[in-house]
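Visitor: Protein chains in written order, with this note's numbering: chain A, 4 to 422; chain B, 133 to 459.
In this text, a Cβ means the ideal position worked out from N, Cα and C, and glycines have one as well.
Quick caveat, the model's predicted, so the values are computed rather than measured.
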């Protein structure tokens, strides 16, 4: 009797173990790394990205997860905006057995990751890491530096400039443009793209100034630049500036009675808006993005997502590419029937997704997303205002025009080597 | 750049005048910061590394106060609060450290700058705050050949000139001013005459901080109010007092105006530096490193110009323009 009960217990234990193991296999979460500055001076940017991806993952999980119920989990990895730490966190990702790593803040870090995964994946077959770039915009990553292991879900600098220039061309009042950019790799690539695309697409617009400034907040007072721009007779400024170089520039223009239009990439991000507040209404400020909250005709799921995010984090949804990056990854896993890096990467090539204003496509040739973009103006009388950390900034964006995918699509020089 | 013809001569003239005007204004702002710093240094021998942080504090307080009761009360109360905080920091932070010597004091203010930046980030967040020009002054004071000059900037100029005059009268004419002057050169003698030198130190420190606070109130809404504003402005203020001569108000004034105007002119008249390099036989069509060098313009080096002046000053005249002792 005693023996029998022992046998029963032993059998039960073994059976239970087998059952839990199979269940664990089926429900094993798919971990995706996110390497961003989660501490230090610009931690807010990294934390915002982490929240956004966590929310997007949560929505996918709620809808049943991927590959028959597996959950997606975002693992935040702090690089403190330090190149050494980015490499450290990549090594940690290897140790954690991650197959997918997201990153986007800082093109120098992105370049670091591209180099790392190229080398790592060659030396460690079977343990490859795929880099999902959500915001690093240096065009070279999908041109001469292109890699099979890198996918960019954001428009690159050239695409964004193409959208801005195409929209400028539609405004017949624009005759003279002044280029002002930051003197480093990104600013120079903006400058080169602007010169080239203005000549190609809007030869009637005269470039009356082309200037590079010392970047990263070194310029305290933009008044001398503003005086110079006024004297040049420019009616429009085209700038890729971001951070303090953007909002100080706008502040410098506000006090001068200048009615010049600002065409920007980063004039509308929350930290910039926080800098000028509702005074920004005094300036004609435009931005290029993949969406904005007040754009009419966006599908219901986008609205539902935005509303849910606002409710949970009291932040306006700004970068819809975070959502589609994760959805496209999930779809690629379904298509490949696995969460292994190589089949998923192959499935991502050429994948399409219904974005907020039209279909986006991960171009197979260079792993650069192809997408329509919106140029919009900052205004005080849009319905949904920008909210950040529960604070209403009393301004928002109104669409000037949509630039279709065909017009933002640019040729690539990429010669992709596939495994 | 060179592909675009420079502006016609007429336009150049107005750009020149506006650059000088803006330079004056930026220079006066720098002076307000530097005057407090140089006063503190000459009296107490303390190089206050956290000085620009008081400037930042002034801007943030002004933003917070003006949100509730408007700009004008902020103009008065923000500097007062900053000054009071400065005095308290001197009394309970700096004075106990004083007996360990100047290096300890220097390290104390160095740490203080970081603490203040962190505290400000905790309270107001890491993104800039929308501290803007008061509505009453956001119109063009005058328009000259198509360029507006905003009333607020004119107001800034008046305030800073007013403070400069008041500061001089205070130091030269009042009893406390005379005591400060005496304590500058002979602190032991002043103390043995029965004056309370530690208290003079405390209020001078607070007063210097309040000056930085005023600069923050009137400058924060033009330059932008954000956690990194102290770090970017701090080094320039040191340049001003070293060029002007440590402890000299006149020197600080001249150096601040000089830096402000040169900075503005260098940007407005983006002159090529090629002729200078040509003297050293650098080819215009040089490649590699040299190509960057020959293509330099004054606008491109404007932000480093003050530091260049600093280095030259230290080499050729270590006591600065009006200094009485070497650095």
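Roughly how many angstroms lie between the CA atoms of residue 239 of chain A and residue 269 of chain A, to the nearest whole one?
Guide: By 1-based counting over the first chain, the position of residue 239 of chain A is 236. By 1-based counting over the first chain, the position of residue 269 of chain A is 266. So the two alpha carbons sit approximately 16 Å from each other.
Visitor: What number of angstroms, rounded off, separates the C-alpha of residue 314 of chain B from the C-alpha of residue 335 of chain B?
Guide: Residue 314 of chain B sits at position 182 when you count from the first residue of the second chain. Residue 335 of chain B sits at position 203 when you count from the first residue of the second chain. For residue 314 of chain B and residue 335 of chain B, the distance between alpha carbons rounds to 15 Å.
Visitor: Determine the closest residue to residue 413 of chain A out of A:279, A:374 and A:345, with distance taken between C-alpha atoms.
Guide: The count along the first chain starts at 1 and reaches residue 413 of chain A at position 410. For residue 413 of chain A, the nearest C-alpha among the options comes from A:374.
Visitor: Compare the C-alpha of residue 158 of chain A against each of A:263, A:278 and A:322 and name the closest.
Guide: Working through the first chain from its first residue, we reach residue 158 of chain A at position 155. Nearest option by C-alpha distance: A:322.
Visitor: So, is the C-beta of residue 404 of chain B closer than 9 Å to a C-beta in chain A?
Guide: Taking the second chain and counting its residues from 1, one reaches residue 404 of chain B at position 272. No, residue 404 of chain B does not count as interfacial toward chain A.
Visitor: Here's the rule I'm using: 16 or more other beta-carbon atoms within 10 Å means buried, otherwise exposed. How should residue 324 of chain B be labelled?
Guide: Counted from its first residue, the second chain places residue 324 of chain B at position 192. Using a 10 angstroms sphere on the CB of residue 324 of chain B, the tally of other CB atoms stays under 16, which defines it as exposed.
Visitor: Name, in chain order, the residues that DSSP records as bridge partners for residue 79 of chain A.
Guide: In the first chain, counting from the first residue as 1, residue 79 of chain A sits at position 76. Bridge partners of residue 79 of chain A: A:37.
Visitor: Give a yes or no on whether the minimum CB-CB distance between residue 202 of chain B and chain A is below 9 Å.
Guide: Walking along the second chain from the start, residue 202 of chain B turns up at place 70. Judged by the 9 Å Cβ criterion, residue 202 of chain B is not in contact with chain A.
Visitor: Flag residue 257 of chain B as yes if its beta-carbon sits less than 9 Å from any beta-carbon of chain A, otherwise no.
Guide: The sequence position of residue 257 of chain B within the second chain is 125, counting from 1. It does: the Cβ of residue 257 of chain B has a partner Cβ on chain A nearer than 9 Å.
Visitor: For a contact meaning CB atoms closer than 7 Å, what does residue 280 of chain B contact in chain A?
Guide: For the purposes of this step, residue 280 of chain B is identified with residue 148 of the second chain, where counting begins at 1. What residue 280 of chain B touches in chain A: 259 and 260.
Visitor: Since residue 154 of chain B meets chain A, which of its residues come closer than 8 Å, beta carbon to beta carbon?
Guide: Residue mapping note: residue 154 of chain B aligns to position 22 of the second chain, counting from 1. In chain order: 224, 226, 227 and 230.
Visitor: Find the residues of chain A that neighbour residue 247 of chain B, judging by a C-beta separation of less than 8 Å, and give them in chain order.
Guide: For this step, residue 247 of chain B is matched to residue 115 along the second chain. Those within 8 Å of residue 247 of chain B in chain A number zero; the least Cβ separation is about 15 Å.
Visitor: Any Cβ of chain A within less than 9 Å of the Cβ of residue 144 of chain B?
Guide: For the purposes of this step, residue 144 of chain B is identified with residue 12 of the second chain, where counting begins at 1. Chain A contact via Cβ: present.
Visitor: By the three-class DSSP mapping on this structure, what secondary structure does residue 370 of chain A have?
Guide: Start at 1 with the first residue of the first chain, and residue 370 of chain A comes out as number 367. DSSP places residue 370 of chain A in coil when its eight states are reduced to three.
Visitor: When you compare the CB positions of residue 102 of chain A and residue 131 of chain A, do they come within less than 9 Å of one another, or not?
Guide: Counting from one through the first chain, the residue named residue 102 of chain A turns up at place 99. Counting from one through the first chain, the residue named residue 131 of chain A turns up at place 128. It is a contact, given that the beta carbons lie within the stated cut-off.
Visitor: Would you give the residue range spanned by the beta strand (DSSP E) that residue 212 of chain A belongs to?
Guide: Your numbering for residue 212 of chain A matches position 209 in the first chain. First-last of the beta strand (DSSP E) with residue 212 of chain A: 209–216.
Visitor: Nearest to residue 296 of chain A by alpha carbon, out of A:304, A:387, A:349 and A:287?
Guide: Numbered from its first residue, the first chain carries residue 296 of chain A at position 293. If we check each option's Cα against that of residue 296 of chain A, A:387 comes out closest.
Visitor: Whose C-beta lies closer than 7 Å to the C-beta of residue 111 of chain A among residues of the same chain, with five residues either side of it excluded?
Guide: In the first chain, the residue the question calls residue 111 of chain A occupies position 108. The answer, listed in chain order, is 86.
Visitor: In the structure shown, what three-state DSSP assignment does residue 404 of chain A receive?
Guide: If you number the first chain from 1, residue 404 of chain A lands on position 401. In this structure, residue 404 of chain A counts as strand in the three-state DSSP scheme.
Visitor: Using CA coordinates, which residue listed in B:234, B:329, B:395 and B:347 is at the minimum distance from residue 290 of chain B?
Guide: Residue mapping note: residue 290 of chain B aligns to position 158 of the second chain, counting from 1. Residue nearest to residue 290 of chain B within the set B:234, B:329, B:395 and B:347 is B:347 (criterion: CA-CA distance).
Visitor: With distances taken from CA atoms, which of B:167, B:298, B:433 and B:171 is nearest residue 403 of chain B?
Guide: For the purposes of this step, residue 403 of chain B is identified with residue 271 of the second chain, where counting begins at 1. Of B:167, B:298, B:433 and B:171, the residue nearest in Cα terms is B:433.
Visitor: Pull the bridge partners of residue 240 of chain A from the DSSP assignment, please.
Guide: Locating residue 240 of chain A in the first chain gives position 237, counting from the first residue. Residue 240 of chain A pairs with A:181 and A:265.
Visitor: May I ask you to verify whether the stretch 306–321 of chain A touches the stretch 334–343 of chain A, counting CB pairs closer than 8 Å and requiring at least 3?
Guide: no
Visitor: Starting from residue 272 of chain B, follow the beta strand (DSSP E) in both directions and report where the run begins and ends.
Guide: On the second chain, position 140 is the one that residue 272 of chain B refers to. Segment 272–276, the beta strand (DSSP E) holding residue 272 of chain B.
Visitor: Note down, one range per segment and in chain order, each alpha helix (DSSP H) of at least 4 residues found wholly within the stretch 193–254 of chain B.
Guide: As far as the stretch 193–254 of chain B is concerned, its whole alpha helix (DSSP H) runs of at least 4 residues are 203–221 and 227–230.
Visitor: DSSP three-state label for residue 437 of chain A, please.
Guide: Beyond the ends of chain A as shown, which are 4 and 422, falls residue 437 of chain A; an answer cannot be given.
Visitor: Determine the burial state of residue 278 of chain A: buried for a count of at least 16 other Cβ atoms within 10 Å of its Cβ, exposed for fewer.
Guide: As a working note, residue 278 of chain A is residue 275 in the first chain. A residue is called buried once 16 or more other Cβ atoms fall within 10 Å of its Cβ, and residue 278 of chain A is buried on that count.
Visitor: Do we get a CB-CB distance below 9 Å when we pair residue 133 of chain B with the residues of chain A?
Guide: The sequence position of residue 133 of chain B within the second chain is 1, counting from 1. Because residue 133 of chain B carries a pLDDT of 38, less than 50, the predicted location of this residue cannot be relied on, and no value is offered for it.
Visitor: Against chain B, does residue 247 of chain A count as a neighbour if the rule is that its beta carbon must be under 9 Å from one of theirs?
Guide: Indexing the first chain from 1 puts residue 247 of chain A at position 244. It does; some Cβ of chain B falls within 9 Å.
Visitor: So, with DSSP's three-state summary, where would you put residue 250 of chain A?
Guide: Working through the first chain from its first residue, we reach residue 250 of chain A at position 247. Looking at residue 250 of chain A - three-state DSSP - the assignment turns out to be helix.
Visitor: Identify every residue that forms a DSSP beta bridge with residue 289 of chain A.
Guide: One-based indexing of the first chain puts residue 289 of chain A at position 286. Beta-bridge pairing links residue 289 of chain A to A:266 and A:380.
Visitor: Starting from residue 279 of chain A, find everything on chain B with Cβ-Cβ shorter than 8 Å and list it in chain order.
Guide: Looking up residue 279 of chain A in the first chain gives position 276. Here the neighbours are 262 and 264.
Visitor: Taking only beta carbons into account, state which residues of the stretch 196–218 of chain A come closer than 9 Å to chain B, listed in chain order.
Guide: Cβ contacts with chain B come from 210, 211, 212, 213, 214, 215, 216 and 217.
Visitor: Determine, using beta carbons only, whether residue 250 of chain A comes closer than 9 Å to chain B.
Guide: In the first chain, counting from the first residue as 1, residue 250 of chain A sits at position 247. Yes - at least one Cβ of chain B is within 9 Å of the one on residue 250 of chain A.
Visitor: Determine, using beta carbons only, whether residue 399 of chain A comes closer than 9 Å to chain C.
Guide: Within the model displayed, chain C is absent; protein chains A and B are what it includes.
Visitor: Do you know whose CA, among A:143, A:198, A:343 and A:83, lies nearest residue 48 of chain A's CA?
Guide: The residue labelled residue 48 of chain A in the question sits at position 45 within the first chain. When each option's Cα is compared against that of residue 48 of chain A, the closest is A:83.
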